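**Q** Could you have a look at this structure, given as structure tokens, before my questions?
There are 2 protein chains.
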Amino acid sequence: MKIVITGGAGFLGARLARALLAQGHFSVNGAPAQPIEQLLLVDRAQPAPDLLADARVKPLVGDLNSLLVEGPQGAPAIPSGTDVVYHLAAAVSGECEADFDLGMRSNLAATEALLAACRKLGTQPVVVFASSLAVFGLVHDQPALPPPSVITDLTLPTPQTSYGIQKFIGEQLVADYSRKGFVRGRATRLMTVSVRPGKPNGAASSFFSGMIREPLAGVKGACPVAPETQVALASPGRTIEGLLRAGQATDAEWGPKTALNLPALVTTVGEMAQALEKVAGKPATDLIDWTPDETIRRIVKSWPGNVQSARANALGLLPDPDFESIVRAYVRENADAVRLQTL
Amino acid sequence: MKIVITGGAGFLGARLARALLAQGHFSVNGAPAQPIEQLLLVDRAQPAPDLLADARVKPLVGDLNSLLVEGPQGAPAIPSGTDVVYHLAAAVSGECEADFDLGMRSNLAATEALLAACRKLGTQPVVVFASSLAVFGLVHDQPALPPPSVITDLTLPTPQTSYGIQKFIGEQLVADYSRKGFVRGRATRLMTVSVRPGKPNGAASSFFSGMIREPLAGVKGACPVAPETQVALASPGRTIEGLLRAGQATDAEWGPKTALNLPALVTTVGEMAQALEKVAGKPATDLIDWTPDETIRRIVKSWPGNVQSARANALGLLPDPDFESIVRAYVRENADAVRLQTL
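Quick mapping for you: the protein sequence lines, in order, are chains A and B. Note that my numbering has the first sequence beginning at 7, numbered continuously upward. Note that my numbering has the second sequence beginning at 7, numbered continuously upward.
Given below as structure tokens:
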């Protein structure tokens with residue numbers, strides 16, 4: 007069993023890699039699980055040392071688009087014999103809004119090239135495509151396009167960011183490549199992942215982690231939207247669980263070729279702050295900087311808060327029970343990044 | 007006012023060109039209508055002589071993708087000063103199902119390149135994108151994706167052909183290029199156009215015209231689906247009316263950046279045959295060959311019959327009143343192709 011993860015040195019990619027290595031085996035479309043012999047981590051960055059130390063891990067460092075589009079300089083990103091591809095690599099929402107061409111290249115052209123490379127294998131590999139909640143762009147000023155009160159797997163996405171458009175196009179390509187039998191597509195819409203460890207990134211959603219992570223580290227964390235802002239989120243653990251299940255679902259379990267919504271905990275930014283206070287007290291919430299940012303607010307306002315996930319639920323996937331448990335899991339897993347005393 | 011029509015030598019393209027030349031003026035986003043000075047018809051074929059005879063018409067013969075993607079050999083497909091682009095050129099559904107790469111190139115890559123060329127103009131040209139009813143692919147074997155009983159502008163398209171996927175991706179690109187202010191996008195979903203004159207083409211929907219046109223010409227015409235098959239169609243005249251209105255709608259009239267359904271006459275193949283009989287008697291319907299074709303039937307079954315068009319209606323666009331009027335218009339406009347006596 008040979009598996010590729012694009013974006014394999016990123017936060018989710020690395021966590022997925024560790025989960026796959028720990029699991030050791032992988033089942034494709036209901037066949038008996040086979041040992042994972044090779045895990046190729048394609049990324050612009052080197053994987054973490056603990057991953058490199060595993061004999062099954064092979065790093066491929068470079069720009070995915072260059073590796074796929076401009077012809078392999080040496081090792082191909084999708085080597086022959088690949089059974090499963092997790093396509094996580096992407097330029098994030100804020101970057102794509104600021105630089106249209108970057109998004110078209112890193113998200114659209116790269117996904118087109120990746121699918122073409124998978125098709126060329128001729129072995130119908132599993133392709134788990136990480137799409138996003140960001141495909142759902144709510145519009146608040148168009149009577150002909152009223153914002154739906156609830157988002158289901160059957161809701162029409164109307165993306166309001168280039169990132170969302172590119173992800174939604176990726177879903178369509180995965181669906182058609184699957185229908186044609188070129189790949190076994192598993193397009194999954196990730197919810198906002200919180201709490202991410204590490205540093206802020208260029209995603210407009212970055213503050214959903216930063217407003218918890220930074221205060222726990224004893225420094226100011228920005229929350230540029232109002233407390234009543236609704237958000238559909240999932241912990242890193244539940245997100246990885248969803249990706250693992252998607253990759254190992256049978257064709258029949260998966261059902262339609264369209265993307266499915268991974269489970270979401272529907273909460274508000276204010277409730278997130280309250281959960282933080284339960285875990286680390288007022289010293290933590292005093293470090294949240296509520297200065298509004300109109301650009302971020304406008305993007306986030308176009309993302310839906312109230313998301314349902316019937317297809318994912320039918321696969322046995324459930325949302326996190328509450329945000330406090332997410333904060334406590336973060337504290338447990340990232341003890342060295344937590345400076346405040348927890349309660 | 008400089009206008010480009012891709013697919014400008016095709017049936018709809020030529021008819022649109024004649025309508026534009028007859029209209030003489032064109033209004034962009036509510037500005038006073040300006041005289042049409044140049045109409046560039048980009049196509050692999052030469053335009054008809056009557057069009058070439060008009061001093062305003064300029065032909066550009068070649069493969070659109072080559073003209074756009076591989077750099078202009080001589081005149082560019084989207085010259086500087088272009089105010090309006092009607093993007094009709096496409097490989098049709100049957101072709102794209104048989105040849106995946108053809109569709110990806112002629113429909114997807116060409117649309118990407120066309121939008122990039124329009125963006126490069128820097129003048130936010132109007133782009134009317136001819137999308138299609140074919141984006142709506144009904145699935146009949148997936149409980150998680152029940153076929154909707156009625157299709158509206160807000161229904162989630164789940165294309166079941168590569169052609170439909172490529173058109174739906176085109177809609178997304180037009181939406182994002184519009185949101186970014188690169189173009190004024192007007193993505194319009196054309197219904198099945200019937201009765202088309204001329205010869206059958208590679209579209210799976212070709213028989214919706216052939217079953218009327220061929221008998222009227224005194225030869226056998228195939229109808230490979232059952233009489234009760236529902237179809238959402240529009241006459242060539244109403245289709246052109248829709249394209250003209252879309253191109254001249256203001257941003258406010260147009261509303262959302264997503265595609266809208268042009269008006270559809272919802273009828274059945276059996277009712278179409280009855281209308282033919284009213285116009286040309288039993289000698290006509292005796293010439294319909296009802297031999298089933300499973301491939302065509304499967305594709306057509308995935309297209310919805312019951313289509314609503316609220317946004318188009320709000321623009322003042324209405325469906326044809328009945329199919330008999332469509333057949334009579336065909337007879338009137340194509341007298342030299344009609345051999346049977348009409349009643």
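The beta-carbon is built from N, C-alpha and C at its ideal position, and this holds for glycine as well. Only a predicted model underlies this, so the values are computations on that prediction, with no experimental measurement involved.
So what does DSSP say about V333/A, is it helix, strand or coil?
**A** By one-based count along the first sequence, residue 333/A stands at place 327. DSSP places V333/A in helix when its eight states are reduced to three.
**Q** With distances taken from CA atoms, which of T301/B, A83/B and L66/B is nearest K126/B?
**A** On the second sequence, residue 126/B is found 120 positions in, with the first residue counted as 1. Closest by alpha carbon: A83/B.
**Q** Who are the Cβ neighbours of A81/B in its own chain at under 7 angstroms, not counting the five residues just before and after it?
**A** Here the question's residue 81/B lines up with position 75 in the second sequence. The answer, listed in chain order, is L66.
**Q** Under the DSSP definition of a beta bridge, which residues are partnered with F135/B?
**A** Within the second sequence, residue 135/B is the residue found at index 129, counting from 1. Paired residues: H93/B and A193/B.
**Q** Name the residue from A119/B, V201/B, Q29/B and V156/B whose alpha carbon lies nearest to the alpha carbon of R338/B.
**A** For the purposes of this step, residue 338/B is taken as the residue at position 332 of the second sequence. The residue with the shortest Cα to Cα distance from R338/B is V201/B.
**Q** Within a Cβ cutoff of 7 angstroms, which residues of the same chain sit near D326/A, ignoring the five residues on either side of it in sequence?
**A** The residue given as residue 326/A occupies position 320 in the first sequence. The residues are A240, S241, R244, L271 and I332.
**Q** If you count every other CB in all the chains shown that lies within 10 Å of the CB of R190/B, and 16 or more means buried, which is it?
**A** Here residue 190/B corresponds to residue number 184 of the second sequence, with the count starting at 1. Buried, since its Cβ has 16 or more Cβ neighbours within 10 Å.
**Q** Can you pull the chain B neighbours of F106/A, defined as C-beta to C-beta under 7 angstroms?
**A** The residue you call residue 106/A lines up with position 100 of the first sequence. Neighbours of F106/A on chain B, chain order: K186.
**Q** Give the residues of chain A in contact with A181/B, contact being defined as C-beta atoms less than 8 angstroms apart.
**A** As a first step, residue 181/B must be located in the second sequence, where it is residue number 175. The answer, in chain order, is T164, P165 and I171.
**Q** At 7 angstroms on the CB atoms, spell out the chain B contacts of L74/A, in chain order.
**A** Taking the first sequence and counting its residues from 1, one reaches residue 74/A at position 68. Near L74/A there are no residues of chain B at all, since even the closest Cβ is about 15 angstroms away, more than 7 angstroms.
**Q** Quick check: the Cα distance between P149/A and G287/A, rounded to an integer number of angstroms?
**A** Within the first sequence, the letter at position 143 stands for residue 149/A. Within the first sequence, the letter at position 281 stands for residue 287/A. P149/A and G287/A: Cα-Cα distance of roughly 44 angstroms.
**Q** Which residues, taken in chain order from the stretch 291-312 of chain A, show a beta carbon closer than 7 angstroms to some beta carbon of chain B?
**A** So the list is empty, because no residue satisfies the distance condition.
**Q** For chain B, find out if any of its Cβ atoms is closer than 8 angstroms to the Cβ of R345/A; answer yes or no.
**A** Taking the first residue of the first sequence as position 1, residue 345/A is located at position 339. No - not a single Cβ of chain B is within 8 angstroms of the one on R345/A.
**Q** How would you list, in chain order, the residues of chain B whose beta-carbon sits under 7 angstroms from the beta-carbon of R317/A?
**A** Taking the first sequence and counting its residues from 1, one reaches residue 317/A at position 311. The answer, in chain order, is A150.
**Q** Tell me which same chain residues have a C-beta within less than 7 angstroms of the C-beta of W260/A, skipping the five on either side of it?
**A** Your numbering for residue 260/A matches position 254 in the first sequence. Counting only Cβ-Cβ distances below 7 angstroms, and skipping sequence neighbours, we find R192.
**Q** From G253/A to T167/A, what does the alpha carbon distance come to, in whole angstroms?
**A** Reading the first sequence from its first residue, position 247 is the one you call residue 253/A. Reading the first sequence from its first residue, position 161 is the one you call residue 167/A. Distance between the alpha carbons of G253/A and T167/A is about 27 angstroms.
**Q** Could one say the Cβ of F174/B lies closer than 8 angstroms to chain A's Cβ atoms, at least one of them?
**A** Residue numbering aside, residue 174/B sits at position 168 when the second sequence is read from its first letter. Output row for F174/B: interface = yes.
**Q** Does G100/A get closer than 8 angstroms to chain B when you measure Cβ to Cβ?
**A** The residue labelled residue 100/A in the question sits at position 94 within the first sequence. For G100/A, the answer is no, since every Cβ of chain B falls outside 8 angstroms of its Cβ.
**Q** S168/B touches chain A at which residues, Cβ-Cβ below 9 angstroms?
**A** By one-based count along the second sequence, residue 168/B stands at place 162. Simply D182, R185 and K186.
**Q** So is G261/B in contact with chain A if we call contact Cβ pairs under 8 angstroms?
**A** For the purposes of this step, residue 261/B is identified with residue 255 of the second sequence, where counting begins at 1. True, the Cβ-Cβ gap to chain A drops below 8 angstroms.
**Q** Please compile the residues from chain A whose C-beta is within a distance smaller than 7 angstroms of the C-beta of L47/B.
**A** For the purposes of this step, residue 47/B is taken as the residue at position 41 of the second sequence. Chain A residues near L47/B: none, gap ~29 angstroms exceeds 7 angstroms.
**Q** When you compare the CB of D159/A with every CB in chain B, is at least one pair closer than 8 angstroms?
**A** Mapped onto the first sequence, residue 159/A falls at position 153. With 8 angstroms as the cut-off, D159/A counts as an interface residue toward chain B.
**Q** Residues in its own chain within less than 6 angstroms of A96/B by CB, not counting five upstream and five downstream?
**A** Translated into the one-based positions of the second sequence, residue 96/B becomes position 90. The residues are N113.
**Q** Tell me where the alpha helix (DSSP H) around V275/B begins and ends.
**A** By 1-based counting over the second sequence, the position of residue 275/B is 269. Unbroken alpha helix (DSSP H) run through V275/B: V275 to T291.
**Q** Within 10 Å of its beta-carbon, does D49/B have 16 or more other beta-carbons around it, so buried, or fewer, so exposed?
**A** Counting from 1 along the second sequence, the entry for residue 49/B is found at position 43. By the neighbour-count rule (16 or more Cβ atoms within 10 Å), D49/B is buried.
**Q** A228/A and V306/A - do their beta-carbons sit closer together than 8 angstroms?
**A** Here residue 306/A refers to the residue found at position 300 when the first sequence is read from its first residue. Here residue 228/A refers to the residue found at position 222 when the first sequence is read from its first residue. No, they are not a contact pair.
**Q** Looking at the secondary structure, which residues open and close the alpha helix (DSSP H) in which V257/A lies?
**A** Here residue 257/A is taken as the residue at index 251 of the first sequence, counted from 1. The sequence as given places Asp at residue 257/A; Val does not occur at that position. Element bounds for D257/A: D257 to W260.
**Q** Scan the stretch 200-239 of chain A and note each continuous alpha helix (DSSP H) run of 4 residues or more that stays entirely inside, going in chain order.
**A** Counting only runs of 4 or more, we get 213-222.
**Q** Considering Cα atoms alone, identify which of D342/A, D292/A, A265/A and A281/A is closest to A181/A.
**A** Position 175 of the first sequence, counted from the first residue, corresponds to residue 181/A. Of D342/A, D292/A, A265/A and A281/A, the residue nearest in Cα terms is A265/A.
**Q** Thinking just about the alpha-carbon of each residue, which of D107/B, D299/B and A20/B is nearest to the one in F213/B?
**A** The residue labelled residue 213/B in the question sits at position 207 within the second sequence. The shortest C-alpha separation from F213/B is found at D299/B.
**Q** Where does P41/B sit, in a helix, a strand or coil, going by DSSP?
**A** Counted from its first residue, the second sequence places residue 41/B at position 35. Three-state DSSP puts P41/B in a strand.
**Q** Please report the straight-line C-alpha distance between L144/A and P206/A, rounded to a whole angstrom.
**A** Here residue 144/A corresponds to residue number 138 of the first sequence, with the count starting at 1. Here residue 206/A corresponds to residue number 200 of the first sequence, with the count starting at 1. Their backbone Cα atoms lie some 25 angstroms apart in a straight line.
**Q** Just checking: is the beta-carbon of T194/A within a distance shorter than 8 angstroms of some beta-carbon in chain B?
**A** Counting from one through the first sequence, the residue named residue 194/A turns up at place 188. Chain B, which has no Cβ nearer than 8 angstroms to the Cβ of T194/A, makes this no.
**Q** Alpha carbon to alpha carbon, what distance is there between E177/B and V231/B?
**A** Against the second sequence, residue 231/B aligns to sequence position 225. Against the second sequence, residue 177/B aligns to sequence position 171. Spanning the two alpha carbons is a distance of roughly 29 angstroms.
**Q** Under the three-state reduction of DSSP, which class applies to F188/B: helix, strand or coil?
**A** What you label residue 188/B is simply residue 182 of the second sequence in a count that begins at 1. Coil, per DSSP.
**Q** Buried or exposed: which applies to T301/A, given that a residue is buried once 16 or more other Cβ atoms fall within 10 Å of its Cβ?
**A** The count along the first sequence starts at 1 and reaches residue 301/A at position 295. With fewer than 16 Cβ atoms within 10 Å of its Cβ, T301/A is classed as exposed.
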